[in-house]
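Using our numbering, the final residue of the sequence shown is 501, and nothing's skipped along the way.
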Amino acid sequence: MVHLLGDLEFRENTMATKTNLYNLTRDEMESFVLSLGEPRFRTKQIWHWLYRPLVTSFEEMGNLPKALREKLAEHATLGTLTEVAEIHSTDGHTQKWLLDLPDHEKIEAVLMEYDVRNTACISVQVGCAYACAFCATGRMGLIRNLEAGEIVSQIVHVERELRRDGPPEGDHALTNIVFMGMGEPLANYNDTIKAVTILNDHEGLNIGARRMTLSTVGLVPAIRRLAEENIQVNLAVSLHSPIDEIRSELVPINRQYPIAELMDAVRQYIATTGRRITFEYAMINEVNDTPEQAHALGRLIRGMLAHVNLIPLNPVPGSPWPASDPKRIDEFVGILRSYGVNATVRMRRGIDVAAGCGQLYAAVEGRGRSIVPISDYPSKDAVDQVVRQRIHQGKVL
Ligand code: SAH
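Spelled out as structure tokens, the structure:
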């Protein structure tokens, strides 16, 4: 399909700035090729060079005439990301990169290699607007959205890294992608969905949408919108407490979209898509890991096509909270199971590489960039007070 409007946009664009080819879906690539006065069939050739051998320059595109390669160099870029820092976990299974964008903002991407899975955890924004109390990225505030091409380039970066060990068996060595790095995927909705489309393209990296998971802080209108999209991507919802007073302290957006509304949207999502949802739950000692909250969570989601991922809190420097004791986690899981709720405890992979959201950024960039002052965060005292009140009212066991 040719988008005429797209053509015009490209012409205007190319006069001013070069087009980052990773920003284009295959349809848009076709419009771009036509806007250069080139035949349609060049689209697939260029697309293959980008996503099969993952070339880093136009010169490598061997089956294109020299004149076209020069034209591409004049009008387009292969917007690559520059490594600022790379760290490896001591167990050798996790690598994390701090990557520099063209405007010198920085983002994190992580590769986890366990068993037969190679999972990339990538960012969708520089920073994040939602200020969850335990999250390192939340301290930065939102700096900007990433473009689709900047999201795609992180995967290209990780995939190249994996191929150092040899060529992949199929079209890609990566098996899974989680959008759980910096930022909120559903707040950068269009570029995130576009990146999914590009990564999923069967002529390109061909990574199944079912192998990708978008994680959301709980943006209700966007969850409802996602339910109507015709893509097979998985959805994870960061719940962290089944009790509004406590969730509002940990995940402040809960004040706008409280649990009842969130659950309505999640039920609609499951009913429309037929897909299982994952609830993420960072286990914080004596804050959200009480038996009362386990029961409340069990009652809230029993019977739903859902799964709970319990993640012992990844300690963030300066954060007042410790991870839950393993005993408390076991008890929590036991209570959930008594409601027939499926729960697993996720290993804290790459904990020694600061693999938690935003932690490498914080370590390299320091705190100076914080837009939201740390003092504006709900303090440990504020959360403890809510918990204490509930104990006083006999609500917390
Ligand atoms: N904004 C999205 C995705 C990015 S965060 C979201 O909120 O879901 C990915 C997951 O990591 C979320 O569940 C988030 O709550 C969790 N997370 C952030 N900091 C963490 C920490 N220090 N320990 C454990 N989980 C954390």
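Glycine is no exception: its CB is placed at the ideal position from the N, C-alpha and C atoms.
Remember, predicted model here, so these are calculated numbers, not experimental data.
Checklist entry - In three-state terms, what does DSSP make of Ile347? => result coil
Item to check | Chain-order list of residues whose beta-carbon lies under 6 Å from that of Asn124 (same chain, five-residue window excluded) | outcome: Thr181, Gly183, Gly253
Checklist entry - Along the chain, where does the alpha helix (DSSP H) that runs through Cys197 open and close? => result Correcting the residue identity first, residue 197 is His in this sequence and not Cys. Here His197 belongs to no alpha helix (DSSP H), and DSSP marks it neither H nor E.
Checklist entry - Heavy atom of the ligand SAH less than 8 Å from the Cβ of Ile415, yes or no? => result yes
Item to check | Run of the alpha helix (DSSP H) containing Val260, from where it starts to where it stops | outcome: 252-267
Checklist entry - Should Thr241 be listed as close to the ligand SAH, given that the test is whether its C-beta is under 8 Å from any heavy atom? => result yes
Checklist entry - With DSSP run on the structure shown, which of helix, strand or coil describes Tyr234? => result coil
Next on the checklist: Can you find the residues in the same chain that come closer than 8 Å, C-beta to C-beta, to Thr186, ignoring five residues on each side of it along the sequence?
Outcome noted: Leu203, Asp204
Next on the checklist: Assuming Arg315 and Asn280 are in contact, meaning their beta carbons sit under 8 Å apart, how far apart are those beta carbons, in whole angstroms?
Outcome noted: 5 Å
Checklist entry - Is it the case that the CB of Ser423 approaches a heavy atom of the ligand SAH more closely than 8 Å? => result yes
Checklist entry - Who are the near neighbours of Gly438 in its chain, counting only those whose CB is closer than 6 Å to its CB and skipping five residues on each side? => result none
Checklist entry - Can you give, in chain order, each stretch of the beta strand (DSSP E) that sits fully within the segment 153-202 and has at least 3 residues? => result 186-192
Checklist entry - Near His411, what residues of its chain come up, given a Cβ to Cβ distance below 8 Å and the 5 sequence neighbours on each side ignored? => result Arg380, Ile381, Thr382, Phe383, Asn446, Ala447, Thr448
Checklist entry - Apart from the five residues on each side of it in sequence, which residues of its chain come closer than 7 Å, Cβ to Cβ, to Gln372? => result Arg328, Ala331
Checklist entry - DSSP on Ile357, reduced to helix/strand/coil? => result helix
Item to check | Cβ distance (whole Å) where Arg156 is taken to contact Asp275 below 8 Å | outcome: 7 Å
Checklist entry - Taking 8 Å as the cut-off, does the CB of His344 come closer than this to any heavy atom belonging to the ligand SAH? => result yes
Checklist entry - Since Leu215 contacts Gln199 with CB under 8 Å, what's their CB separation in whole angstroms? => result 5 Å
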